[in-house]
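Participant:
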Amino acid sequence: MFGSANVIAAPAGRLLVHLGRRYREDHYVREIARATGLGAGPVSEALRLLADGGHLVRAERGRNVYYRSNLGSGLVRVLKVAATLAELDELLRELAPGVRTVMLFGSCATGEDTIESDVDLCIVADDPEPVDTALARYPQAGGRPVSAIVLDPDEYLALGQRDPALADRIRQGRTAWEAYDAVQI
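Take 7 as the starting number for the sequence shown in this note's numbering and just add one per residue.
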């Protein structure tokens, strides 16, 4: 069994994120090894251990063994969220000087995202122009489109009244970056 430090280290973490973003499909070992750039032997062993730990579902069909992510594993979901935040790092660093809050929301915030999911962000900034410039420079995160809602602090505070459903979705998300004096809905 993997120790806690080994689960989040490469290659195990890489395998969990890769399969987690493709959780609706079964994959065989060589396919996973090719897609992740890892050797088939280490991948096979790591997949077996991750399945034994309940993070992957293992299925045998004929002589082939297939693996699929177990989205019921909290670890899989958290690693997917962490991977998304890491993929946003360059954008967040560029945004940081003029931004009060960046919230990751939607499927990427809950770990239910797939490779087809867009990355939903709510960005609160005093001046939207530099934010728009940064978003134009970084239209994708991890190969997936970034879909951003840019609001000034007053618009952000009023969002709860104007669009309560959207405000709730954002509130249920995760803080990707926040200035010390950030506003709350």
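Ideal Cβ positions, reconstructed from N, Cα and C, are used throughout, including at glycine.
For A18 and E118, I'd like the C-alpha separation in whole angstroms.
Facilitator: The straight-line gap from Cα to Cα measures roughly 19 Å.
Participant: Name the residue from S50, A92, A140 whose alpha carbon lies nearest to the alpha carbon of Y34.
Facilitator: Nearest option by C-alpha distance: S50.
Participant: Just curious, the alpha helix (DSSP H) that I176 is in, first and last residue?
Facilitator: Note, I176: alpha helix (DSSP H), 170–177.
Participant: From L163, L55, L98, R175, pick the residue whose C-alpha is nearest to that of A182; which is it?
Facilitator: Cα-wise, what sits closest to A182 is L98.
Participant: According to DSSP, Q146 sits in a beta bridge with which residue or residues?
Facilitator: Answer is P151, bridged to Q146.
Participant: Return helix, strand or coil for H61, following the three-state DSSP convention.
Facilitator: Looking at H61 - three-state DSSP - the assignment turns out to be coil, as it is neither helix nor strand.
Participant: Any contact between the region 134–153 and the region 68–79? By contact I mean 3 or more CB pairs, one from each, below 8 Å.
Facilitator: Flag = no, the region 134–153 and the region 68–79 do not touch.
Participant: Who pairs with V108 in a beta bridge, going by DSSP?
Facilitator: BP columns for V108 point to I129, W183.
Participant: Rounding to the nearest angstrom, what Cα-Cα distance links V63 and A102 in this structure?
Facilitator: Between V63 and A102, the C-alpha separation is close to 40 Å.
Participant: Taking the alpha carbon of A147 as the point to measure from, which residue in G45, S79, R175, A92 has its own alpha carbon closest?
Facilitator: Taking only the C-alpha atoms, the option nearest A147 is A92.
Participant: For the pair the region 24–44 and the region 112–127, tell me if three or more CB-CB distances fall below 8 Å.
Facilitator: Output reads yes: the region 112–127 touches the region 24–44.
Participant: Mind checking which residues open and close the alpha helix (DSSP H) that includes S113?
Facilitator: Run containing S113: 113–116, per the alpha helix (DSSP H) assignment.
Participant: Can you give the beta carbon distance from A131 to V156, rounded, assuming they're within the 8 Å contact cut?
Facilitator: With 8 Å as the limit, A131 and V156 qualify as a contact, their Cβ atoms being about 6 Å apart.
Participant: Can you pull the DSSP bridge partners for R74?
Facilitator: DSSP, once it has assigned bridges, lists V63 as partnering R74.
Participant: Looking at the unbroken alpha helix (DSSP H) that takes in A16, where does it start and where does it end?
Facilitator: Where A16 is concerned, there is no enclosing alpha helix (DSSP H), given that its DSSP letter is neither H nor E.
Participant: Report back the beta-carbon spacing between L55 and I38 to the nearest angstrom; my notes put them in contact at under 8 Å.
Facilitator: Between I38 and L55 the Cβ distance is about 14 Å, and since that is not below 8 Å, they are no contact.
Participant: Alpha carbon to alpha carbon, what distance is there between A164 and E31?
Facilitator: Whole-angstrom Cα-Cα distance: 41 Å.
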